[in-house]
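Undergrad:
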Amino acid sequence: MRAIDPHIHMVSRTTDDYLKLTISGIHTVAEPAFWAGFDRSSANAFRDYFHQLTVVEPARAARFGVKHYCWIGLNSKESEDLALAEEVLAFLPEYLDRPNVLGIGEVGLNKNSRNEIAVLEKHLEIAVARNELILIHTPHLEDKLKGTRIIMDMIRSEPRIDPARVLIDHAEEHTIGEIKDNGFWFGLTLYPNSKGSPERAIDAVETFGTERLCINSSADWSVSDPLSILKCANEMRRRGHPDDAVDQVFFRNPSRFLGQCPKFQAA
Amino acid sequence: MSAPYTPMDALTILDTYFIENRSRILDIAAFLDRIDRNPDAETAKADYRYQAFLRIIEILQENRGDRTKAIQIALSDPTTQPLESALGLKAWGAWKGDNHAGN
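Taken in sequence, the protein lines are chains A and B.
Read in order, the letters of the first sequence correspond to residues -5 to 261 in my numbering.
Read in order, the letters of the second sequence correspond to residues -3 to 99 in my numbering.
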């Protein structure tokens, strides 16, 4: 089968993982900028990271026949330090024109604090000014419902942002309905311990339909699985869904959302 | 051309998923037993996360089609105002209560 992983942190993965992706049919990936597992010590560390995402990682992926795209943004976990955020946001647009950059992401909220909201507002301003696609990170666990609602209110209050050009990621059973009702795309993340399972993801497909949905591994430096989207596709097939519906969810949907950026072309 | 989708019937769902979910329930029972066996069990039982766990186990027993959503909501922060600061805070999996500046 063919599949796209629209959210995977390949800088944290090995070349063995690239090999697994490519021989399993995942030939296109998109990597959002995210938290490294520790707070970076300076704005220059973000310059290095954005260079890695836009120069080093696509070259590493190409050695394995994988097309690598990315998103650029300051993650919400490092948004509490407003002085650092201002520095990063000042040079962040320099990277948006690079050939593998799809838009602003993953940006959003972590603990739903005032500073996180202020930094998200600035990201949205940049996105509006440049008509960029937006990939939203929603908070974890008990903070997700409140944060998702705050984020949606912020975006809906900016009429120049088309919800069809925004994907709200890490959605779960209690947030999917509201996200869809507001016209956004939503993402489901498959994490072995702390987020969704393949079974729950396909439950969501059966409950909410196959439209405006992308399923991702978000595989990174923690407990995660770069092949999880294929295991999820297998769960969908096991339940009797036709191959065409599986292809829509795991290939055509991410192609359609990411393809709103003219730089994107699935392998 | 793919064959049309025919959903699993309820008995097939039971057949397919019973054993793995039996195992999950046993893991939950073992988790609670592990706390019970500990001499300091009462401290853990007083914790807001343990109390939340007991509440969501009750939801499991309700005869409804949206237990997953109900459990997610039961564990969520129901407030609407932003936190003044997120410094030093992280998510723990259950909401501690409105008298705390986040968990």
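Quick reminder that beta carbons are idealized off the backbone N, C-alpha and C, glycines included.
1. Quick one: is Y1/B buried, meaning 16 or more other Cβ sit within 10 Å of its Cβ, or exposed?
2. Applying the 10 Å Cβ sphere with the 16-neighbour rule, what's the burial state of A56/A?
3. Using 8 Å as the threshold, is the stretch 64 to 84 of chain A in touch with the stretch 97 to 112 of chain A, meaning 3 or more CB pairs across them?
4. State whether the stretch 40 to 47 of chain B contacts the stretch 70 to 78 of chain A, with contact taken as three or more CB pairs (one from each stretch) at a distance under 8 Å.
5. Taking Cβ to Cβ, would you say M148/A is nearer than 9 Å to E172/A?
6. Check each candidate in H164/A, N125/A, D163/A and K174/A and name the one with the smallest Cα separation from P153/A.
7. Is any beta-carbon of chain A found at less than 9 Å from that of Q47/B?
8. Who are the neighbours of G93/B on chain A, taking C-beta pairs under 7 Å?
9. Going by DSSP, which residues form a beta bridge with I21/B?
10. How big is the Cα-Cα spacing for P78/B and R250/A?
11. Suppose you measure from the CA of A195/A to the CA of S72/B; what does that come to, to the nearest Å?
12. Against chain B, with Cβ distances strictly below 9 Å, would I111/A count as a contact?
13. Check whether the stretch 162 to 182 of chain A and the stretch 130 to 137 of chain A are in contact - that is, three or more C-beta pairs closer than 8 Å.
14. Taking the C-alpha atoms as reference points, what is the distance between R(-4)/A and Y185/A?
15. Is L85/B close to chain A, meaning its C-beta is less than 9 Å from at least one C-beta of that chain?
16. Buried or exposed: which applies to L103/A, given that a residue is buried once 16 or more other Cβ atoms fall within 10 Å of its Cβ?
17. So which of I155/A, G141/A, P93/A and F178/A has the shortest CA-CA distance to P115/B?
TA: Working from what's here:
1. Numbered from its first residue, the second sequence carries residue 1/B at position 5. With fewer than 16 neighbouring CB atoms inside 10 Å of its own CB, Y1/B falls in the exposed class.
2. Against the first sequence, residue 56/A aligns to sequence position 62. Counting the other Cβ atoms within 10 Å of the Cβ of A56/A gives fewer than 16, which makes it exposed.
3. With three or more CB-CB distances shorter than 8 Å, the stretch 64 to 84 of chain A counts as touching the stretch 97 to 112 of chain A.
4. Using a C-beta cut-off of 8 Å, the stretch 40 to 47 of chain B makes no contact with the stretch 70 to 78 of chain A, since fewer than three inter-stretch Cβ pairs fall below that distance.
5. As a first step, residue 148/A is located in the first sequence; it is residue number 154 there, counting from the start. As a first step, residue 172/A is located in the first sequence; it is residue number 178 there, counting from the start. Not closer than 9 Å, so no.
6. Taking the first residue of the first sequence as 1, we reach residue 153/A at position 159. Residue nearest to P153/A within the set H164/A, N125/A, D163/A and K174/A is N125/A (criterion: CA-CA distance).
7. The residue given as residue 47/B occupies position 51 in the second sequence. False, the Cβ-Cβ gap to chain A never drops below 9 Å.
8. In the second sequence, counting from the first residue as 1, residue 93/B sits at position 97. Residues of chain A with a Cβ closer than 7 Å to the Cβ of G93/B do not exist; the shortest Cβ-Cβ separation is about 11 Å.
9. Counting from 1 along the second sequence, the entry for residue 21/B is found at position 25. Bridge partners of I21/B: none, in fact.
10. Translated into positions along the second sequence, residue 78/B becomes position 82. Translated into positions along the first sequence, residue 250/A becomes position 256. Looking at the two C-alpha atoms, the distance is approximately 34 Å.
11. Here residue 195/A refers to the residue found at position 201 of the first sequence. Here residue 72/B refers to the residue found at position 76 of the second sequence. The alpha-carbon atoms of A195/A and S72/B are separated by roughly 20 Å.
12. Within the first sequence, numbered from 1, the residue matching residue 111/A stands at position 117. At least one CB of chain B lies nearer than 9 Å to the CB of I111/A.
13. At 8 Å Cβ cutoff, the stretches touch.
14. Locating residue -4/A in the first sequence gives position 2, where the first residue counts as 1. Locating residue 185/A in the first sequence gives position 191, where the first residue counts as 1. When rounded, the distance between both Cα atoms is 21 Å.
15. Mapped onto the second sequence, residue 85/B falls at position 89. Yes, its Cβ sits closer than 9 Å to a Cβ of chain A.
16. Numbered from 1 along the first sequence, position 109 holds the residue referred to as residue 103/A. L103/A is buried by the Cβ-count criterion.
17. The question about residue 115/B has no answer here: the residues shown for chain B are numbered -3 through 99.
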